[in-house]
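Colleague:
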Amino acid sequence: MPDDEDDLRGAYMRRMHLPEGLRMNGFISIRLIGLLRDLIGSDSLRIEVEGELGLQQILNRLPERLKREVLGEPGVPSPKILILVNGVEVTGFGNLEKIRIGAGDEIVLIPIIHGG
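Numbering (the numbering used here), first residue to last: 317 to 432.
1. If you draw a straight line from the alpha carbon of Ser394 to that of Ile374, how long is it in whole angstroms?
2. Under DSSP, the beta strand (DSSP E) around Asp398 begins and ends at which residues?
3. Can you grab the Cα-Cα spacing for the pair Glu336 / Gly418, in whole Å?
4. Cβ of Leu425 within 8 Å of Cβ of Leu351?
5. Inspect the beta-carbon positions of Ile344 and Ile423 and report whether they are closer than 8 Å.
6. Tell me, please, which residues DSSP counts as bridged to Arg381.
7. State buried or exposed for Asp421, treating a residue as buried only when at least 16 other CB atoms are found within 10 Å of its CB.
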């Protein structure tokens, strides 16, 4: 994975085998694991997009109950959740808006369970 956040967009484009700027309109798939699945009664969601959006914009479109679990402060994922985009864990990348998401991408939301 690139060290520079500005290279994230290019890395995702290469992963999807599409040249930059050629994303089409369509759907993003969101898979829900464990307690998140139980929260809304489904293991997946589809969100329609036009072009590319920042990950923050996508997460803001989640159903309210799910959004409360996934997001902490604005622009920051909850420390109780891991977020994968196309199989890459992006929770620690910083600003979620710099992570570009387009049609055909897959987001996986995984709750982290801590014990003590």
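Don't be surprised by glycine CBs; every beta carbon is placed ideally from N, CA and C.
Modeller: Inspection of the coordinates gives the following:
1. 15 Å
2. For the record, residue 398 in the displayed sequence is Leu; it is not Asp. Leu398 -> beta strand (DSSP E) spans 397 to 401.
3. Confidence at Glu336 is low in this model, with a pLDDT of 49, below 50, so the placement of that residue is unreliable and no value is reported for it.
4. no
5. yes
6. Per DSSP, none; premise fails for Arg381.
7. buried
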